[in-house]
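Residue numbers (my numbering): 117 to 326.
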């Protein structure tokens with residue numbers, strides 16, 4: 117609940133309304149980027165744990181970052197972005213461009229069981245990073261038709277490289293015994309399907325521009 121939610125940075129106390137189960141930010145977001153970071157501390161004592169967390173923001177891009185790289189996450193509403201490097205730290209990243217107002221996000225976390233066996237109670241820090249891009253949004257930026265085509269092709273190519281790299285990493289970890297077989301099979305199947313979809317989009321895009 118609310119007691120597990122810790123505000124890291126990005127909000128001024130004067131603009132906050134703290135209610136029983138949520139924090140409301142009353143600021144008017146200015147042009148540019150405005151990051152807001154929360155940490156949710158989850159005490160895991162079983163294989164299944166449901167925790168609701170309501171965050172109300174009008175935003176063009178939502179990022180969900182997990183600091184514990186031993187975990188694997190999945191969500192139907194969010195896009196798997198793989199590993200994100202921020203200085204010397206790495207985070208497992210999910211992004212949610214174009215989320216609708218009031219939309220609920222469900223995230224499944226894999227890999228808790230092994231860690232719970234090592235420690236009765238595991239505190240996982242989930243960092244929620246909301247990026248506001250009011251203007252000059254890379255994803256939603258409107259430009260000339262030629263620029264849009266180039267950007268789309270570049271994004272798809274980079275996504276293809278990332279997925280291939282992620283699949284190779286999964287194979288390597290499985291061979292070393294660092295990931296359970298059922299989790300490995302599920303993640304590999306999911307990301308292989310994404311790779312196939314990206315390849316088809318690249319082919320479609322190239323035919324459309326020829």
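A virtual CB, placed ideally from N, CA and C, is assigned to each residue, including glycine.
Check: Buried or exposed: where does residue 239 fall if 16 or more other Cβ atoms within 10 Å of its Cβ makes it buried?
Finding: With a pLDDT of 36 at residue 239, under the threshold of 50, the modelled position of this residue cannot be trusted, and the question is left open.
Next item on the list: Out of 310, 319, 317, point me to the one whose CA is closest to residue 194's CA.
Entry: 310
Checklist line | Same chain, Cβ closer than 6 Å to residue 295, neighbours up to 5 away in sequence not counted | finding: 289
Margin query: Within 10 Å of its beta-carbon, does residue 287 have 16 or more other beta-carbons around it, so buried, or fewer, so exposed?
Written below: exposed
Check: Going by beta carbon distance, what residues of the same chain come within less than 8 Å of residue 312, once the five residues before and after it are set aside?
Finding: none
Check: Rounded to a whole number of angstroms, what is the C-alpha to C-alpha distance between residue 183 and residue 297?
Finding: 22 Å
Margin query: Check for me: the beta strand (DSSP E) holding residue 210 runs from which residue to which?
Written below: 205-211
Next item on the list: Quick one: grab the DSSP three-state call for residue 295.
Entry: coil
Item checked: Cβ neighbour criterion (16 or more within 10 Å) applied to residue 222 -> exposed
Notebook entry, point to check: What is the rounded straight-line gap between the Cα of residue 233 and the Cα of residue 284?
Noted result: Interpretation of residue 233 is limited by its pLDDT of 42, a score under 50 that renders its predicted location unreliable; the figure taken from the coordinates is listed afterwards. Near 28 Å, if we compare the C-alpha coordinates of residue 284 and residue 233.
Notebook entry, point to check: So who's on the other strand from residue 314, going by DSSP bridges?
Noted result: For residue 314, DSSP assigns no beta-bridge partner whatsoever.
Notebook entry, point to check: Taking the alpha-carbon positions, what's the residue 189 to residue 224 distance?
Noted result: Between the C-alpha atoms of residue 189 and residue 224 there is a straight-line separation of about 5 Å.
Next item on the list: Determine the DSSP secondary structure at residue 215, reduced to helix, strand or coil.
Entry: coil
Next item on the list: Could you tell me which residues DSSP pairs with residue 201 in its beta bridges?
Entry: 206
Margin query: Any beta carbon from chain C within less than 8 Å of residue 203's own beta carbon?
Written below: The structure shown contains no chain C; it holds only a single protein chain.
Next item on the list: Following the continuous beta strand (DSSP E) through residue 220, name the residue where it begins and the one where it ends.
Entry: Premise fails: residue 220 is in no beta strand (DSSP E) and is neither H nor E.
Item checked: Cβ-Cβ separation, residue 314 to residue 282 (assumed contact under 8 Å), whole Å -> The pair is not a contact, with the Cβ atoms about 12 Å apart (cut-off 8 Å).
Next item on the list: Give the single residue among 304, 317, 302, 300 whose Cα lies nearest to the Cα of residue 271.
Entry: 317
Item checked: residue 208 vs residue 199 beta-carbon contact at 8 Å -> yes
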